[in-house]
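Participant: Each residue of the sequence shown is one higher than the one before, starting from 1 at the first, in full-length UniProt numbering.
Pasting a structure below so you can have a look.
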Amino acid sequence: MKFHRDKKLLAKTIQTLIVLIMMIGLWLYPPGSATADDIQVYVDQNKITYDVPPQVKDSRTLVPIRKTFENLDATVKWNGKDNSITIIKEHITFKLTLNKKTVWKNGKSTTIDVPVIANDNRTFVPIRFIADSLGYNVKWNNSTRSVLINSVESIDLPQEQIPVTVLMYHHFQEGLSTNATVEPHLFKEQLIALKEQGYTTINDHDLLSFMEGKKELPQKPLLITMDDGYESNYNIAYPILKELDMKATVYIIGSRIEDGQIHEFPRMTWAQAKEMYESGVFEIQSHTYDMHHKGKTATYDRGAITTPIKIDGKLETQQAYEKRVLADLLLNKKIIEEKVGNNVISFAYPFGDNSDSAEKLLKQAGIKMTFTIKPGMNYKQKGPFKLNRINVPGGMTGKTLIKELEKYQK
């Protein structure tokens with residue numbers, strides 16, 4: 001009798017174990033997913049041949065570090081003393097440690113979903129880490145049971161479908177964060193994050209040539225713009241951009257450089273603007289000579305560029321309005337070209353205020369591209385006028401900026 005009871009107990013135990021194993025299997029490999037042995041990994045359509053297959057842990061696909069990153073043109077170094085792995089690609093350096101989730105990226109710590117593991121004398125890392133760290137696109141193809149790793153260049157969108165990102169900055173100052181002021185260390189962090197995500201900076205002439213069908217752009221083009229011509233653009237932004245080999249544009253209010261006064265913040269000099277342009281880092285473009293006004297002032301009672309305004313209590317005629325605006329635009333263009341040497345082709349609307357009348361006058365003044373402050377992406381079919389710009393306020397980290405841009409790319 002005891003034998004039969006033991007036999008029944010053993011059978012019940014085995015049945016329970018089978019159920020548990022099936023449950024664990026469903027957890028690790030949900031319906032429609034591949035087993036680890038079946039998973040294929042491709043980099044830009046080229047299959048990676050592993051001597052040890054990818055692993056699955058906590059519903060995450062992990063791939064051998066060395067073989068994967070070497071196929072991404074990265075250098076991998078193992079340190080047996082502290083069980084750490086160093087990965088180097090261009091300006092990005094990572095340090096990972098076996099059985100830990102913390103990853104050091106260019107000296108700053110971040111966390112991955114599951115820890116780095118070792119198995120079959122190989123070290124494995126979550127494949128999602130590749131996308132987050134090097135700016136690659138990682139997708140799962142269920143029909144072929146494949147992980148597809150695509151570099152930015154391999155996306156190869158048609159030129160008409162490429163989204164052009166234009167960022168708007170103003171002033172930079174340590175310890176001060178406003179809607180128009182960014183702290184220098186955050187500005188640098190943002191630029192590094194953008195570069196890591198595959199963005200390539202362009203200038204106004206590049207964008208205009210693209211819009212006119214005369215030039216192709218990289219897959220993730222980025223135009224960095226700065227309004228008003230603050231001295232911090234020269235003292236702070238310029239060295240950072242130069243260090244990172246990136247470009248930008250300053251839209252200058254000519255009169256506020258000419259008068260030599262310290263308005264809300266110091267303005268750059270013409271000599272500084274010329275140096276920035278001749279370095280190849282900056283373009284200097286127009287933000288009006290003296291029409292950066294909005295609301296009631298001693299002279300004006302509304303936006304100065306969009307429509308006729310009251311001057312000293314009297315509304316100007318349409319003819320007077322056009323004459324005033326055109327003279328201002330031509331003056332700023334002439335001064336910038338004489339003082340800096342930059343060919344003025346683009347214009348940023350003060351406060352984003354724009355109108356068809358103003359657009360007509362800008363074209364008469366030789367302006368071929370204009371910018372508003374309406375957030376969003378820009379596409380070739382939109383044309384070079386009234387382009388969108390995304391403002392970057394103070395306090396925004398590099399990671400937050402990337403997430404913000406993603407909202408406009410969907």
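The beta-carbon is built from N, C-alpha and C at its ideal position, and this holds for glycine as well.
Have a look at LYS139 and GLN45 and give me their C-alpha separation to the nearest angstrom.
Facilitator: Inter-residue distance for LYS139 and GLN45 is about 12 Å (C-alpha atoms, whole angstroms).
Participant: Which parts of the stretch 86 to 141 are runs of the alpha helix (DSSP H), unbroken and 4 residues or longer, counting only runs that do not cross its ends?
Facilitator: 128 to 134
Participant: Taking the alpha-carbon positions, what's the TYR136 to PHE129 distance?
Facilitator: In this structure, the CA atom of TYR136 is about 10 Å from the CA atom of PHE129.
Participant: Checking the sheet assignment: what are the DSSP bridge partners for ASN79?
Facilitator: SER84
Participant: Please state the DSSP three-state secondary structure of TYR277.
Facilitator: helix
Participant: Is the beta carbon of ALA273 less than 8 Å from the beta carbon of LYS339?
Facilitator: Yes, the Cβ-Cβ distance between ALA273 and LYS339 is below 8 Å.
Participant: Short check: CB of GLU88 to CB of THR68, under 8 Å?
Facilitator: Contrary to the premise, residue 88 reads as Ile rather than Glu in this sequence. Taking 8 Å as the Cβ cut-off, ILE88 and THR68 do not qualify as a contacting pair.
Participant: My output table needs one value for HIS185: the three-state DSSP class, helix, strand or coil.
Facilitator: helix
Participant: Which same chain residues end up closer than 6 Å to ILE202 when comparing Cβ atoms and leaving out the 5 residues on each side of it in sequence?
Facilitator: PRO221 and LEU223
Participant: Relative to the C-alpha of ASP113, which residue among GLN364, ASP206 and ASP58 is closest?
Facilitator: Checking every option, the nearest Cα to that of ASP113 belongs to ASP58.
Participant: Taking 8 Å as the threshold, find out whether the stretch 175 to 195 comes into contact with the stretch 393 to 401 through three or more Cβ pairs.
Facilitator: Flag = yes, the stretch 175 to 195 and the stretch 393 to 401 touch.
Participant: Please state whether the Cβ-Cβ distance between ASN106 and ILE127 is less than 8 Å.
Facilitator: no
Participant: Report buried or exposed for ALA358, applying the criterion of at least 16 other Cβ atoms within 10 angstroms of its Cβ.
Facilitator: buried
Participant: Just the C-alpha distance for PRO30 and ASP228, rounded to the nearest angstrom, thanks.
Facilitator: Note that PRO30 has pLDDT 37, beneath the 50 cutoff, so the model's placement of it is unreliable and the number below is only indicative. In this structure, the alpha-carbon of PRO30 lies about 56 Å from that of ASP228.
Participant: Pull the bridge partners of PRO64 from the DSSP assignment, please.
Facilitator: PHE124
Participant: Taking DSSP's pairing of strands, which residues face THR249 in a bridge?
Facilitator: THR225 and GLU283
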